[in-house]
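Visitor: Before I ask anything, let me first share the structure, which is written out below as structure tokens.
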DNA sequence: GCGGGTAACATTGTCAACAATCGACCACCC
DNA sequence: GGGTGGTCGATTGTTGACAATGTTACCCGC
């Protein structure tokens, strides 16, 4: 769900994936921030959080340092840690950064992983169609997120993947905060993703990059329409 | 030096930048990794490191979690933390990621911050010229790094900046590991950077992106020439 | 009302001890 | 003899309590 787990064939036995508690706690906090359980700007009392998560302060602090590094929390020494707040400038920045990463991922895909990408992305896109037809907004957002996670994953670039994960969490956080006002022309959203898959399948790099840029601009406009300024 | 500090005009008084000890320790470790004091693959005994840095294990562990998140360390639970090792695939990946980030930074610069960028980048480029004429390889590498830090900084994108910082540390780590074998056609290196500044000054986005891509490819070739495979 | 001082509060940093896990080494049994 | 299983030492992971430090809010004199 969070993009780190691999897609394993069942039955294959691989080295069991063991995470440190700090990593688990970090994942939990990321989810909580993503889905708004920890609203932007809110302070994280570490004593309270520690008891609520059932761990002691040590691992919790380690986890929070990770999120600080990711930019999801910001620390004011001797005052506390706060969930990052996104203003309009941040949202713009977020989308230029996303464009930078996903554009590069697209190039890698078209050049080296086309067939695999089409297969996996089509599946994700199908989920979007199904969610849109059901009118389930949350599932549509999930599928959207999964689509972009997949896009970066099949580029087979660990660094792009790492960078994208943070950006997608921020994007989701943003969407969660605005989910009421988010108008969401569902059909347009689905179509845009379909267009991306088609361009990959056609192997047309220029078209793909143009559509991706367009997609990001549209998404940014949709968000900005909901923002105060 | 490490890219987070702002370039403040002297006399401007801003909120003092106070760092938590974890942040300081993280910076120290980053430098140590960058310059090879902690060679790739080496294990970090936390007891020893803690005493050597004069802090207790708590903040040290927090700092190391940050570096894990950055990908500079990788953790094997109950076994220890190890400095990441870069193979040929990693170096390739590193440069595609750098290209993604710096390309985007260049676009922002040409569109919004041209004059400022030319001023700051020219200064950095001048340092490269001076270092090259002196034949000082370390200073040349420093100036090179500063150039690219500046490039991303003047793009005024916090996220691009954050992503670039990690990538530049890895690049520097890579250069340090190979510094003996690195042939380094100094003149070509200097010329390429000059070409970037010129393209920015001319406002020619196409030319700039082409030159940046070329620059990355050249750098990658220089590195790959030194690598076993 | 305003500035300075003070005291309570919260958070951070530190420490020492305990539990869990791993790698190595060695005795043991088939 | 080769493999099995167990013990030992070392290191990591975790915990709770304590000290240090900065911040906030309040009170007082002017």
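Chains as they are written, first to last, in our numbering: chain Y, 27 to 255; chain C, 27 to 255.
Yeah, the Cβ is synthetic: ideal placement off N, Cα and C, and Gly gets one too.
(1) If you draw a straight line from the C-alpha of residue 140 of chain C to the C-alpha of residue 156 of chain Y, how long is it?
(2) Is there at least one Cβ from chain C nearer than 7 Å to residue 217 of chain Y's Cβ?
(3) Can you name the residues of chain C whose CB is closer than 8 Å to the CB of residue 123 of chain Y?
(4) Across which residues does DSSP place residue 69 of chain C in a beta bridge pair?
(5) Closer than 6 Å: is that where the CB of residue 245 of chain C sits relative to any heavy atom of the ligand SAH?
(6) Roughly how far, in whole angstroms, is the beta-carbon of residue 198 of chain C from the beta-carbon of residue 221 of chain C, given that I think they are within contact range, below 8 Å?
(7) For a cutoff of 7 Å on Cβ pairs, would you count residue 127 of chain C as touching chain Y?
(8) Are there three or more Cβ pairs, one per stretch, closer than 8 Å when the stretch 65-83 of chain Y is compared with the stretch 102-115 of chain Y?
(9) Between the alpha carbons of residue 181 of chain Y and residue 135 of chain Y, how many angstroms are there, rounded?
(10) For a contact meaning CB atoms closer than 8 Å, what does residue 120 of chain Y contact in chain C?
(11) Counting along the chain, where does the beta strand (DSSP E) carrying residue 283 of chain C start and finish?
(12) By alpha-carbon positions, which one of C/58, C/194 and C/176 ends up nearest to residue 90 of chain C?
(13) What residues in its chain sit with their C-beta under 7 Å from that of residue 52 of chain Y, if we drop five residues either side in the sequence?
(14) Looking only at its chain, what residues have a beta carbon closer than 8 Å to the beta carbon of residue 127 of chain C, apart from the 5 residues adjacent to it on each side?
(15) Throw me the rounded Cβ distance for the residue 50 of chain C and residue 144 of chain C pair, which I believe falls under 8 Å.
(16) Quick one: is residue 16 of chain C buried, meaning 16 or more other Cβ sit within 10 Å of its Cβ, or exposed?
(17) At 3 residues or longer, and completely inside the stretch 132-187 of chain Y: list those beta strand (DSSP E) runs for me, N to C.
(18) Of all Cβ atoms in chain Y, is any one closer than 7 Å to the Cβ of residue 237 of chain C?
(19) In chain order, what residues of the stretch 80-103 of chain C put their CB closer than 8 Å to some CB of chain Y?
(20) Among C/47, C/153, C/45 and C/233, which has the Cα closest to the Cα of residue 174 of chain C?
(21) Residue 85 of chain C: buried (16+ other C-beta within 10 angstroms of its C-beta) or exposed?
(22) Taking the alpha carbon of residue 115 of chain Y as the reference point, which residue from Y/229, Y/219, Y/240 and Y/200 has its own alpha carbon closest?
(23) Could you tell me which of Y/76, Y/56, Y/148 and Y/118 sits nearest to residue 246 of chain Y, measuring between CA atoms?
(24) Along the stretch 40-67 of chain C, what residues have a CB closer than 7 Å to any CB found in chain Y?
(25) Check the Cβ of residue 134 of chain Y against every Cβ in chain C and list those closer than 9 Å, keeping chain order.
(26) I believe residue 234 of chain Y touches residue 132 of chain Y by the beta-carbon criterion, under 8 Å. Please report the beta-carbon distance rounded to the nearest angstrom.
(27) Report yes if the CB atom of residue 76 of chain Y is closer than 7 Å to the CB atom of residue 82 of chain Y, and no otherwise.
(28) Could you tell me how far apart the beta carbons of residue 223 of chain Y and residue 151 of chain Y are, in whole angstroms, since I believe they sit closer than 8 Å?
(29) Give the interface partners of residue 193 of chain C over in chain Y, defined as CB-CB distance under 8 Å, in chain order.
(30) According to DSSP, is residue 222 of chain C helix, strand or coil?
(31) In the DSSP assignment, find the unbroken alpha helix (DSSP H) run with residue 51 of chain Y in it and report its ends.
(32) Counting along the chain, where does the alpha helix (DSSP H) carrying residue 87 of chain Y start and finish?
(33) Classify residue 239 of chain C as buried or exposed, calling it buried when 16 or more other Cβ atoms lie within 10 Å of its own Cβ.
Guide: Quick look at the numbers:
(1) 46 Å
(2) no
(3) 130, 183, 185, 186 and 189
(4) C/108
(5) In terms of ligand content, the structure shown is empty, and the ligand SAH therefore cannot be addressed.
(6) Incorrect: roughly 22 Å between the Cβ atoms, too far for contact.
(7) yes
(8) yes
(9) 5 Å
(10) 185
(11) An answer regarding residue 283 of chain C cannot be provided, because it is not within the stretch 27 to 255 covered by chain C.
(12) C/58
(13) 89, 92 and 93
(14) 178, 186, 189, 190 and 193
(15) Not really, about 34 Å apart at Cβ, beyond 8 Å.
(16) Residue 16 of chain C cannot be examined here, being either before or after the span of chain C that is shown, 27 to 255.
(17) none
(18) no
(19) 84, 87, 88, 89, 91, 92, 94, 95, 96, 97, 101 and 103
(20) C/153
(21) buried
(22) Y/200
(23) Y/118
(24) 44, 46 and 48
(25) 122
(26) 5 Å
(27) yes
(28) 6 Å
(29) 185
(30) helix
(31) 47-60
(32) 83-96
(33) exposed
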